[in-house]
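Numbering (the numbering used here), first residue to last: 40 to 261.
Heads up, the beta-carbon is just placed ideally off N, CA and C, and yes, glycines get one too.
Notes follow once the structure below has been shown.
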């Protein structure tokens with residue numbers, strides 16, 4: 040999960056490839072501006088740099104493995120107690136997700152990883168509440184009581200929004216920043232810091248995030 044940015048292909052494209060209906064090979068290009076292009080034919084011009092070329096059969100095999108893993112995650116039912124706690128905050132999370140333009144699935148994934156929907160949770164480092172806000176972060180976002188679910192979710196969701204914008208919508212870097220602080224991500228050249236805890240955290244939240252999106256078929260391509 041560390042290193043350069045991974046590319047996530049969602050829904051229709053992944054489903055078609057996984058079904059083995061795509062016969063052409065797939066090419067990934069990046070231009071001088073950092074924009075990413077997927078195509079079934081080679082692109083011409085010096086502005087495009089070939090990142091990788093996958094044969095269709097190989098890509099189908101890889102995507103099937105990813106789909107099996109994704110389905111296993113979605114098939115793992117959460118405990119009744121966790122499900123009950125989750126339902127209590129469903130509307131609150133949805134409202135703040137709309138307010139800040141963040142996927143509600145992402146907010147749920149972060150809360151599940153951070154506190155398992157326990158509003159009174161406190162970490163050994165001093166993070167508090169549903170989204171485990173550190174006192175300095177809470178103050179920065181005007182949260183006076185981190186144990187108040189409404190304040191905590193508002194502040195945590197606003198922080199996620201700022202991190203996504205800071206790291207050009209790179210979800211993994213935003214999550215790394217949420218765990219280790221944006222300064223740590225910047226220190227290591229806008230990459231996930233080499234901290235075992237942070238790397239495990241990013242993997243966990245992404246797994247929860249994908250599990251929260253049953254309508255999407257997700258395939259990660261590196």
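Coarse secondary structure for residue i, derived from DSSP in three states
{"i": "residue 172", "result": "strand"}
{"i": "residue 89", "result": "strand"}
{"i": "residue 71", "result": "coil"}
{"i": "residue 224", "result": "helix"}
{"i": "residue 60", "result": "The predicted model places residue 60 with a pLDDT of 47, which falls under 50 and marks its position as unreliable, so this point remains unresolved."}
{"i": "residue 161", "result": "strand"}
{"i": "residue 65", "result": "strand"}
{"i": "residue 248", "result": "helix"}
{"i": "residue 179", "result": "helix"}
{"i": "residue 237", "result": "helix"}
Alpha-carbon spacing of residue i relative to residue j, whole angstroms
{"i": "residue 183", "j": "residue 94", "result": "55 Å"}
{"i": "residue 242", "j": "residue 82", "result": "33 Å"}
{"i": "residue 161", "j": "residue 228", "result": "31 Å"}
{"i": "residue 92", "j": "residue 70", "result": "15 Å"}
{"i": "residue 153", "j": "residue 220", "result": "15 Å"}
{"i": "residue 247", "j": "residue 150", "result": "10 Å"}
{"i": "residue 170", "j": "residue 192", "result": "6 Å"}
{"i": "residue 9", "j": "residue 164", "result": "In the structure displayed, the chain extends from 40 to 261; residue 9 sits before or after that span and is not available."}
{"i": "residue 186", "j": "residue 236", "result": "24 Å"}
{"i": "residue 75", "j": "residue 225", "result": "22 Å"}
{"i": "residue 258", "j": "residue 130", "result": "Here residue 258 scores only 34 on pLDDT, less than 50, and its place in the model is too uncertain to base an answer on."}
{"i": "residue 190", "j": "residue 167", "result": "12 Å"}
{"i": "residue 155", "j": "residue 232", "result": "24 Å"}
{"i": "residue 222", "j": "residue 86", "result": "32 Å"}
{"i": "residue 179", "j": "residue 64", "result": "49 Å"}
{"i": "residue 72", "j": "residue 204", "result": "17 Å"}
Inter-residue CB distance, residue i and residue j (contact presumed, cutoff 8 Å)
{"i": "residue 172", "j": "residue 195", "result": "6 Å"}
{"i": "residue 119", "j": "residue 158", "result": "18 Å between Cβ atoms; not a contact."}
Where the alpha helix (DSSP H) containing residue i begins and where it ends
{"i": "residue 195", "result": "188-205"}
{"i": "residue 215", "result": "210-219"}
{"i": "residue 139", "result": "129-139"}
{"i": "residue 148", "result": "143-153"}
beta-carbon residue i near the ligand COA non-hydrogen atom, thresh 7 Å
{"i": "residue 94", "result": "Judged by which ligands are present, the structure shown has none, so any question about the ligand COA falls away."}
Buried versus exposed, by CB contacts within 10 Å (16 or more), residue i
{"i": "residue 213", "result": "buried"}
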